[in-house]
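For reference, the structure is listed below as structure tokens.
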Amino acid sequence: MFGEDTFFIEEEQTEIKGQTRTLLRKLMPYFTKFRAKIITAALLLLISTVLGLFGPILLKHAIDVDIKMGSIHGLIRTSLLYLSLQLVVYLIGYYQRIALAYVGERAAALLKQNLYNHIINLPMRFFDKNPVGRLLTRVDSDTEAIKNLFQTSAVVITQDLVLLIGMSVVMSIINYKLFLIILILLPPFIYAFWWFQNRVRPVYLQIRRKMAEINNFVNESAQNLSVIQVFNREDYSYQKMERLSNEKYAQEYVGMKMWYRIWYLVDFGEVLGLVLVLGFGGIWALKGLVTIGTLFLFASYITRVFMPLRGLSDQLNIMQRAFASAQRIFNIFDTETEPQPIADTRLITDIEQPKVSFQDVYFTYDKSKDWVLKDINFTIKSGEKIALVGMTGSGKTSIISLLLKFYLPQQGKISLEGNDLTKINNQLLRSRIGFVPQDIILFPGSVFDNLRLFDVNVPLAQVKQAAEQIGILKTIENFPAGFDTDLITRGVNLSVGERQLLSFARALVRNPEILILDEATSSIDPHTEHLIQEGLIKLLKDRTAIIIAHRLATIQMVDRIIVIHKGAIVEQGTHSELLKHRGYYYRLYRLQYLSQRSA
Amino acid sequence: MKLAGYQLIIDYWKKNKKKLVFITIATAIGTIISLSFPYILKLIVDGIKNHLQPARIIRYVIILLGFGILRSGASVFLPFLRGRTNEIFQWVTRSSVFRHILHMGTSFSNRFPSGDVIERLDQDLGELSWFACSGIFRPIEGIFTIIFALIILIKLNPLLTLISVLPISIAALVWLKLGPLVYIWYRQWREAMSATSNHIESTFSGIKVVKSYGIETFNITRFQSILTDRIAKAVKLVKAEAKIGIFFSGIAELGILIILWVGGTLVIKQRLTLGDFIAFNAYILMLITPMFDIGNFFVAGRRAKAGEERISALKESKPDVETKTDNPIQVTSWQKIEFNNISYQYTKDGRSVLQDVNLIVQPKMKIGIAGTVGSGKSTIIKLLLRVCDPTTGKITLDNVSYPELDLVKLRALFGYAPQETALFSDTIYNNIVWGRSAIKSEDALDEYLKITQLNEDLKTFPEKLESQVGERGLTLSGGQKQKVSLARALFGKPEILILDDATSSLDAHTEQQLIQYLMESNLIKTLIVISHRLALLSVCDIIYCLDKGKIVEQGTHSDLLAKKGLYWKLYQRQLLVKELEESQ
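Going line by line, the protein sequences match chains A and B. Mapping the first sequence onto numbering that gives the first Met the number 0, position 160 (from 1) lands on 159, and the numbers just tick up by one. Mapping the second sequence onto numbering that gives the first Met the number 0, position 421 (from 1) lands on 420, and the numbers just tick up by one.
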């Protein structure tokens with residue numbers, strides 16, 4: 000099924016709004032933090048690059064002076080000087096590289112962390128619109144692209160620039176005539192290079208889009224294998240894949256041809272430079288106007304002048320992608336978190352007030368659509384257990400989402416012990432609520448950590464006690480590594496009942512005042528039903544609870560039932576009262592009852 | 000030779016022996032051309048030194064230009080050849096794996112979720128493809144370079160060759176030891192990377208728990224420690240690589256030092272020409288890259304092997320249904336499909352999804368399947384379509400057992416609208432016709448659009464049938480998707496039309512209209528429907544009612560209602576649902 004979880008193509012279509020300068024300015028703070036290290040690294044880079052220029056100069060000296068004079072002593076001195084110079088260059092290069100790697104990694108990690116921290120605090124609406132895969136790409140890959148921009152592109156380009164200037168200076172000092180010859184050569188090559196560069200970039204974009212299309216097609220096909228087979232569309236799908244592959248290859252081929260033309264140009268530029276230097280220089284050398292050492296130096300430099308051009312194309316490509324990534328990252332940063340009251344521990348606890356109250360609440364997820372909840376009014380006393388019942392889509396889940404402050408209602412007021420929810424800090428509110436979703440959500444890590452949800456202040460004994468009470472202790476101890484088992488990596492298969500009980504245990508560890516339970520809908524055998532019921536009784540003891548109830552046993556257990564229909568409360572009362580009333584609940588109950596009996 | 004873990008690459012080259020020979024020869028020639036360059040340089044320098052005629056020098060320079068053109072060609076042609084072969088390998092491998100996957104069943108999908116398949120066919124295959132040609136021929140080019148360079152150097156001066164090359168050969172040996180170590184650090188870094196993505200993924204997919212339990216701070220702290228570890232691993236790898244880099248460059252400089260010192264002395268003593276001296280310098284520098292390439296071969300090889308294993312795993316999986324390959328029986332017409340005591344379990348020791356099911360499908364029948372959620376209704380359809388085979392019992396078509404039949408011909412009997420609409424990011428037309436236009440006419444399409452009432456929706460679409468749906472196009476509503484899916488099922492004018500809960504998102508009026516149009520048209524030969532709603536079931540000649548994998552009742556709509564059994568209950572339930580839905 001195509002839908003929210005495919006976004007391969009979108010990735011390649013990010014438009015860079017505004018100027019790259021703005022993006023750079025936004026990125027700056029992540030790097031200025033490491034100012035000292037960056038300046039050191041930049042200095043080291045400068046020094047090692049400049050020192051690197053001296054290698055050929057020393058060799059020239061060896062040829063023109065030492066060898067020519069027949070001085071073996073001079074030769075030894077020059078060669079030792081050469082070796083120590085090179086070692087210094089490499090050593091400086093090493094420290095510069097480590098420093099930059101360190102800064103790059105740290106800055107990327109900082110960006111990752113900030114983005115992650117930002118996203119985790121975004122309202123639930125954001126997560127409704129952004130699939131997990133997309134968020135993963137933002138936090139993981141897009142930040143890496145920016146690291147590459149800094150670690151590779153910035154370094155390479157700076158280095159090349161310094162090198163180019165340095166070599167020009169040296170060459171013009173040693174022999175300006177020869178240098179002029181090379182200088183004449185450069186502009187047409189650089190121009191041709193740019194011309195190609197601009198033509199190759201769109202091709203690369205095309206290649207990436209084609210790859211995205213292929214991935215999208217693999218995704219849709221892998222998800223719909225049986226339908227493809229039933230329609231005998233295997234060959235058709237294969238041919239479509241061949242077509243896509245062919246298109247990608249064709250683009251790739253065009254790109255490669257352009258790419259290698261540039262390379263040819265660069266390589267040939269080097270050859271032409273050598274030919275000119277050796278041609279003119281050779282004749283001049285015969286006349287004694289130029290030394291052989293000078294020719295050697297020019298030959299060495301020419302190779303280095305043209306080398307950077309090879310990499311430049313790559314670097315421009317990396318930069319382009321990095322800016323697109325930066326744009327996507329800052330789009331997320333621009334999504335505002337909901338204004339939050341500061342954590343106020345002095346929340347007034349008014350025992351006279353109901354634990355939870357909904358007053359004239361109206362709510363919709365999408366403003367252009369109808370109300371999902373209309374005129375919701377109810378209160379829950381401390382210790383009271385209520386069940387929300389209604390058909391699928393009636394609005395039960397929306398009510399608990401509002402209570403958890405995942406969303407804010409458009410109208411009306413929700414309060415906890417008389418305190419308006421909008422005035423309570425999220426963390427503070429939620430710390431008093433235990434939420435048990437339909438299915439347990441496991442995180443990478445041990446059962447122990449999953450039950451205490453990584454709260455290091457919770458000791459194992461407390462978790463064990465909770466597990467014992469819920470009746471899941473034996474099951475956990477039978478896992479391959481007991482409480483240390485990582486259920487995901489170990490691939491432990493949990494039954495529906497076990498999953499539900501683990502979920503109960505997780506909530507019990509927190510010992511919340513208010514429990515919100517979204518009962519699992521899947522059908523279960525009587526034995527499991529019994530286990531869950533036992534666990535639930537323990538969990539509900541002395542707690543205020545709101546349960547989206549699906550099972551008969553639960554409905555019979557609660558103090559009051561609130562019946563929701565099409566976003567409104569239609570009836571309230573105990574099970575027997577409501578049955579006697581023979582209204583909506585009576586019919587709903589018969590529906591539930593009928594389906595459970597036959598299941 | 001059997002090299003486990005490189006089978007895909009070996010198979011490719013076995014099929015492309017000519018190319019293998021060609022690339023090898025091209026590599027050898029390219030190497031020789033590149034290596035000729037410093038030699039011409041030597042001729043020029045010696046020429047100047049010996050005060051030859053300017054014309055001779057010019058001639059040498061022209062030769063240099065000629066070889067230069069060739070060298071530029073070779074230095075571009077070889078990478079081009081390799082890059083192109085990498086791409087072709089990638090294409091060929093992707094296609095063959097994809098073709099294999101197309102025949103896989105549910106067991107495959109359970110083992111490899113689509114995201115995993117993409118990762119294997121994108122990143123893993125990308126790395127493997129690079130290795131398939133570039134990874135192999137770069138070191139080969141390196142070996143050629145080393146061999147030819149050594150030959151030239153020995154011809155120039157054996158003694159100087161020996162002592163200047165000595166440090167480099169030691170370095171090569173060291174690299175062979177270090178390479179695997181670097182691979183370990185690389186792997187540790189990769190593991191730290193997947194720890195990062197796992198953490199991000201689990202946080203955001205479990206965001207409701209994260210938020211409701213207020214564990215944002217814990218997660219942030221954990222992410223911090225994961226990132227700290229990742230930085231450490233990354234820096235460790237960079238440090239190792241940088242150290243190795245220094246070591247090798249230092250060794251190469253040691254070679255230059257020796258040439259400078261010993262070679263220079265030899266020049267002074269006139270036992271070596273200045274040209275030789277300069278050529279030596281150039282050749283030593285030309286030996287560094289090949290050494291890295293050869294050393295890298297072992298590291299890249301391990302990475303490629305890991306990728307190959309992940310890709311091969313896709314290829315080694317087996318389909319859920321096997322077909323007789325020699326002379327399967329062709330299906331041309333049919334009179335009867337029969338289920339004989341069919342039972343089905345997902346796993347050997349698992350719960351029975353179906354038990355002792357017997358039913359008969361005959362032309363012109365309209366069959367309904369009703370039952371509670373999870374009672375096995377869809378499994379009957381899957382067995383009928385032979386997407387899976389029963390655990391026990393036999394399904395026959397005109398008394399021939401299913402596995403004996405030609406699978407393509409068998410499936411061609413059916414038109415199928417599944418529960419999940421299974422559309423592709425393509426035009427509406429392509430989703431309906433799905434490449435079958437050669438057999439059916441356009442006129443029919445209009446009729447299907449009318450039956451499914453998709454024509455009503457099309458009016459609002461800017462490009463009608465050519466409108467793109469999915470990621471880059473329109474977002475269809477659930478009902479619209481089902482209409483497209485229904486039109487697709489009708490399009491083949493199937494012998495047997497199967498609707499598996501395929502009208503659930505249509506409103507009652509549209510569904511009623513659909514049924515009416517279907518019954519009026521002469522398109523439907525045989526119909527099998529699964530539905531929770533009664534509108535579709537009530538037009539059936541026979542309804543099978545399932546409970547926990549068993550057929551507990553069968554008969555016509557009115558028969559079953561009169562029985563007051565499960566079907567009656569479901570019916571009551573449905574009435575209640577309708578009533579509840581409609582009540583204000």
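Just so it is clear, CB atoms sit at the ideal spot from N, CA and C, and this is done for glycine as well.
Counting only Cβ-Cβ distances below 9 angstroms, TYR259(A) has contacts in chain B at VAL75, PHE76, PRO78, PHE79 and GLY82, in chain order.
Under the Cβ criterion of 9 angstroms, LEU63(B) is counted among the residues facing chain A. The distance from the Cβ of ILE398(A) to that of LEU387(A) is about 6 angstroms, consistent with a contact at the 8 angstroms cut-off. VAL169(A) and GLY51(A) have their C-alpha atoms roughly 12 angstroms apart. Apart from sequence neighbours up to five positions away, the residues of its chain that approach TYR29(A) with a beta-carbon distance below 6 angstroms are ALA106, LEU109 and LEU110, ordered along the chain. The Cβ of ILE394(B) sits no closer than 9 angstroms to any Cβ of chain A. By the neighbour-count definition (other C-beta atoms within 10 Å, threshold 16), GLU212(A) is a buried residue.
The beta carbon of ASP121(B) sits closer than 9 angstroms to some beta carbon of chain A. For ARG559(A), the uninterrupted beta strand (DSSP E) run begins and ends at 559-564, by DSSP. At a Cβ-Cβ threshold of 9 angstroms, THR396(A) and LEU407(A) do not count as neighbours. Contact annotation for PHE453(A) against chain B: ILE214, PHE217, ASN218, THR220 and ARG221 [CB-CB distance below 9 angstroms, chain order]. If you draw a straight line from the Cα of LYS480(B) to the Cα of GLY469(B), it comes to about 10 angstroms. Under the DSSP assignment, SER342(B) falls in the beta strand (DSSP E) whose first and last residues are 336-344. In the three-state reduction of the DSSP assignment, ALA501(B) falls in the coil class, being assigned neither a helical nor a strand state. Contact with chain B is absent for LYS395(A), since none of that chain's Cβ atoms lies less than 9 angstroms from the residue's Cβ.
For GLN112(A), the C-beta contacts it makes with chain B under 7 angstroms involve PHE222, GLN223 and LEU226, in order along the chain.
When rounded, the separation of the alpha-carbon atoms in GLY254(B) and MET166(A) is 24 angstroms. Annotation: Cβ neighbours of ASP65(A) in chain B (cutoff 7 angstroms, chain order): GLY263. Note that the segment 129-142 of chain A touches the segment 323-337 of chain A; at least 3 beta-carbon pairs, one per stretch, sit closer than 8 angstroms. Contact annotation: GLY281(A) and PRO53(B) have beta-carbon atoms nearer than 9 angstroms. The C-alpha of ALA312(B) lies about 13 angstroms from the C-alpha of THR92(B). According to DSSP, residue pairing for THR395(B) in a beta bridge involves GLU337(B) and SER400(B). Between the beta-carbon of GLY389(A) and that of HIS564(A) there is about 6 angstroms, and that keeps the pair under the 8 angstroms contact cut. A direct Cα-to-Cα measurement between THR105(B) and ASP319(B) gives close to 7 angstroms. Note: GLY114(B) is not bridge-paired with any residue in the DSSP secondary-structure output. The segment 264-274 of chain B makes contact with the segment 60-74 of chain A, as at least three CB pairs between them are under 8 angstroms.
If you compare the alpha carbons of ILE427(B), GLY141(B) and LEU284(B) with that of ILE293(B), the shortest gap goes to GLY141(B). From the beta-carbon of PHE338(B), no residue of chain A is found nearer than 8 angstroms; the closest lies around 18 angstroms away. Contact between the segment 130-147 of chain B and the segment 8-25 of chain B is established, with three or more Cβ pairs separated by less than 8 angstroms.
In the structure shown, ASP319(B) falls within a coil segment according to DSSP collapsed to helix, strand and coil. Chain A places a beta carbon closer than 9 angstroms to that of ILE267(B), counting this residue as a contact. In this structure, the CA atom of ILE267(B) is about 8 angstroms from the CA atom of ILE71(A). When C-beta distances to chain B are compared with 9 angstroms, every residue of the segment 533-551 of chain A stays at or above that value. Burial check for TYR415(B): the Cβ neighbour count within 10 Å reaches 16 or more, so the residue is buried.
In this structure, SER342(B) keeps its C-beta atom at 9 angstroms or more from the C-beta atom of PRO402(B).
For VAL330(B), the closest of LEU406(B), ASP228(B) and LYS393(B) by C-alpha to C-alpha distance is LEU406(B).
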